[in-house]
Each structure stands twice: as C-alpha cells, then as structure tokens.
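Scroll down for the structure; my scribbles are underneath it.
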Amino acid sequence: MTPALVVGTTVVAALLALAGLASTVARRRIGLLHLWGAALLEAVLLVQAVLALVLLARGERLADTPTFLGYLGGIVLLPVAGALWARSEPSRWAGTVLAVAAGAVGVMIWRLSQLWEATGG
Amino acid sequence: MAEPEQDRRRAADGVTADGPGRVLVAVYGVFALAAGARAAVQLSTRFADAPVAYLLSALAAVVYLVATVALARGGRRTALVAISIELAGVLVVGTLSLLDRAAFPDETVWSAYGRGYLFIPLVLPVLGLLWLRRSRRPAATG
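Each protein sequence line maps, in turn, to chains A and B. Here the first sequence stands for residues 21 to 141, where the numbers follow our numbering. Here the second sequence stands for residues 249 to 390, where the numbers follow our numbering.
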C-alpha cells in the first residue's frame, strides 16, 4: 500500500466518478471513455492487491488482517460490478451507477490504507 | 439514442431496476458488500466480544443483500419488507448505540444512525421507499 498508489487510485476513481456524473447531467449514455476508466481503475487496484498480498506472504504483520483482506476482496470487485451494472442500463443513469462504484472505491482505498498502516504488535 | 425504447420499457411495467432505480441498486449493492464483509469478519474473529451487536451487524448485511436482489429483480413486496426492516433497524440500532455504548463496543453500519458511512444508511431506506412508490405501475396508483 504505497502512498503513491493510494493517491493514484483516488485520482482515477475521482475522475471516473466525475465522468460518470457528467454523462448523467448531459443526459447521455456512458461511452468507451467510461469503460476504459473503469478498466484503468481495476488495473490499479489489482496492482495494489498483488503488492499487498506479496508483502503479507513475506511476513508483513497487520493489526487486523481479516478486515484488510475483506476490504481488499471487496474493492477489486467494485469497478467490474459497476461497469457491468452500468453497461446494461440504456439511460443517462448508467453514469451515476459508475460514479457510485468509483466513489466507493475512493473511500475504501483510504480505509484499506489505514488498515495497512496499523501494524500488529 | 436509445431513449424511446427505454421509455417504452419503463412505461410498460413497474420495474424497480431501471433509470434512477439502477443507481439505487448500485448503492444497495455497495452496502451489502460493505456490511457483509464487516459482519463476516466480526462474527468469525471476535463474536464473543459483543454477540448482540455482531448479530445485528449480520442482520444488516442480510437486509441489504435481500433489498439489493429484490430491487434488481423487481420483487416489490420483498423489497418493501427488507427496506422497512432496514429503516426500523437503523433507527433502533442508531438510538441504542448512542444510549448504551457498552452493548455496542464496535461500529456497525447502523451505529449512531450510520455516522461512519456519511449517514447514507439513514437516507437510503427513505429513498428506497420513495422509489418503490414512484416506480409503481400506473394502474396500481390511487
């Protein structure tokens, strides 16, 4: 959980949320831009997840490993679930659906970061 | 471009998972995930610390999950029951968690009316009930 990746994830999530809300405000369906944004967000999260799992396997100790893994498992599902759920919506609300998923990622990544910083004694 | 087709579909039946309803399902899904993960961890690692609070946490997770699925599939009656339990739950647990802190040593999604979640748990059931009312079939209104 490097600070750079956490900030990077937040920025990508925020941009995706804005793009989603923008398409709703403009009464448009989501386009390729949104799907690429969701793919990029997912890629960053997967990098983050693999790094964290490697460090854990190498003996990194956390105060609350089960909760960390719960959040990690949840957060990597969000962009995929959001994109699938948004793609089958033919109206302007598809963008808001993506924004909800991206917003949740943006919040959860900071909670994950906190859990990572709290090391076990 | 696809607007006419979508409007026809929405007018045809009282679906709950189209348009704004799809956003509602997305938010419910996120909460089902968050509450479910939290409850699973609490129950599996420290159930004995606060059985009542953690069981309520699990109940919240189940309610969110049922509401998500019911709204997504158009099960209006199930959704109504789940969302009503959710509203009662957030009000009761929110009040109890403030009155009796000892019984709720760990945060649940409904603690202090969902303060840890930007009070979304308090607003969500109200929006859910309003949406169920608004998305009814025209024939069923009045």
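Ideal Cβ placement from N, Cα and C applies to all residues, glycine included.
Tell me which residues share the same chain as residue i and place their Cβ nearer than 8 Å to its Cβ, disregarding the 5 neighbours each side in the sequence.
i	result
Met128/A	Tyr91, Gly94, Ile95, Leu98
Ser332/B	Pro373, Leu377
Asp255/B	Because the pLDDT of Asp255/B is 47, which lies under 50, any placement of that residue in the model is unreliable, and the number read from its coordinates should be weighed accordingly. The answer is none, since no qualifying residue turns up.
Val64/A	Leu25, Gly28, Thr29, Val32
At 8 Å on the CB atoms, spell out the chain A contacts of residue i, in chain order.
i	result
Val341/B	Those do not exist, as Val341/B stays about 20 Å from chain A at its closest Cβ, beyond 8 Å.
For chain A, find out if any of its Cβ atoms is closer than 8 Å to the Cβ of residue i; answer yes or no.
i	result
Leu346/B	no
Thr293/B	yes
Leu375/B	no
Leu281/B	yes
Leu378/B	no
Counting only Cβ pairs nearer than 7 Å, list the residues of chain A close to residue i.
i	result
Arg381/B	Those do not exist, as Arg381/B stays about 18 Å from chain A at its closest Cβ, beyond 7 Å.
Arg325/B	Those within 7 Å of Arg325/B in chain A number zero; the least Cβ separation is about 23 Å.
What residues of chain B sit near residue i, judged by a beta carbon separation below 7 Å?
i	result
Ser133/A	Simply none; closest approach about 16 Å.
Spatial neighbours of residue i within its chain, please: CB distance less than 6 Å, with the 5 preceding and 5 following residues excluded, ordered by chain position.
i	result
Ser43/A	Ile50, Gly115
Ala37/A	Ala119, Ala122, Gly123
Arg270/B	none
Leu335/B	Pro373
Gly364/B	Glu355
Considering residue i, what are the terminal residues of the alpha helix (DSSP H) in which it resides?
i	result
Pro110/A	Run containing Pro110/A: none; DSSP gives neither H nor E here.
Val273/B	268-294
Thr343/B	324-347
Gly57/A	52-77
Val26/A	23-45
Gly376/B	368-382
Tyr312/B	299-321
List, in order along the chain, the chain A residues whose C-beta lies closer than 9 Å to that of residue i?
i	result
Gly267/B	Glu109, Ser111, Arg112, Trp113
Just checking my contact of residue i with residue j at CB under 8 Å: how many whole Å lie between their CB atoms?
i	j	result
Val310/B	Gly337/B	About 11 Å separates the two Cβ atoms, so there is no contact after all.
Leu53/A	Asp84/A	Contact doesn't hold; Cβ gap of about 37 Å is too wide.
Arg112/A	Arg47/A	5 Å
Ala379/B	Pro369/B	Checking the displayed sequence, the identity of residue 379/B turns out to be Trp instead of Ala. Wrong, their Cβ atoms sit about 16 Å apart, outside the cutoff.
Ala34/A	Gly126/A	6 Å
Leu71/A	Thr139/A	The Cβ separation is near 16 Å, so there is no contact.
Please work out which residues of its chain come closer than 7 Å, Cβ to Cβ, to residue i, disregarding the five sequence neighbours upstream and downstream, and give them in chain order.
i	result
Val100/A	Glu62
Val273/B	Ala265, Thr316, Leu319, Ala320
Leu346/B	Ala360
Thr356/B	Ala301, Leu304, Ser305, Ala308, Val341
Thr87/A	Leu135
Trp105/A	Val117
Could you tell me which chain B residues have their CB closer than 8 Å to the CB of residue i, listed as they occur along the chain?
i	result
Gly90/A	Ala285, Arg286, Ala288, Val289
Trp105/A	Arg270, Val273, Ala274, Gly277
Ala121/A	Ala274, Val278
Answer yes or no: does any C-beta atom of chain B fall closer than 8 Å to that of residue i?
i	result
Pro86/A	yes
Gly57/A	no
Gly102/A	yes
Thr116/A	yes
Gly51/A	no
Gly94/A	yes
Ala46/A	no
Ala124/A	yes
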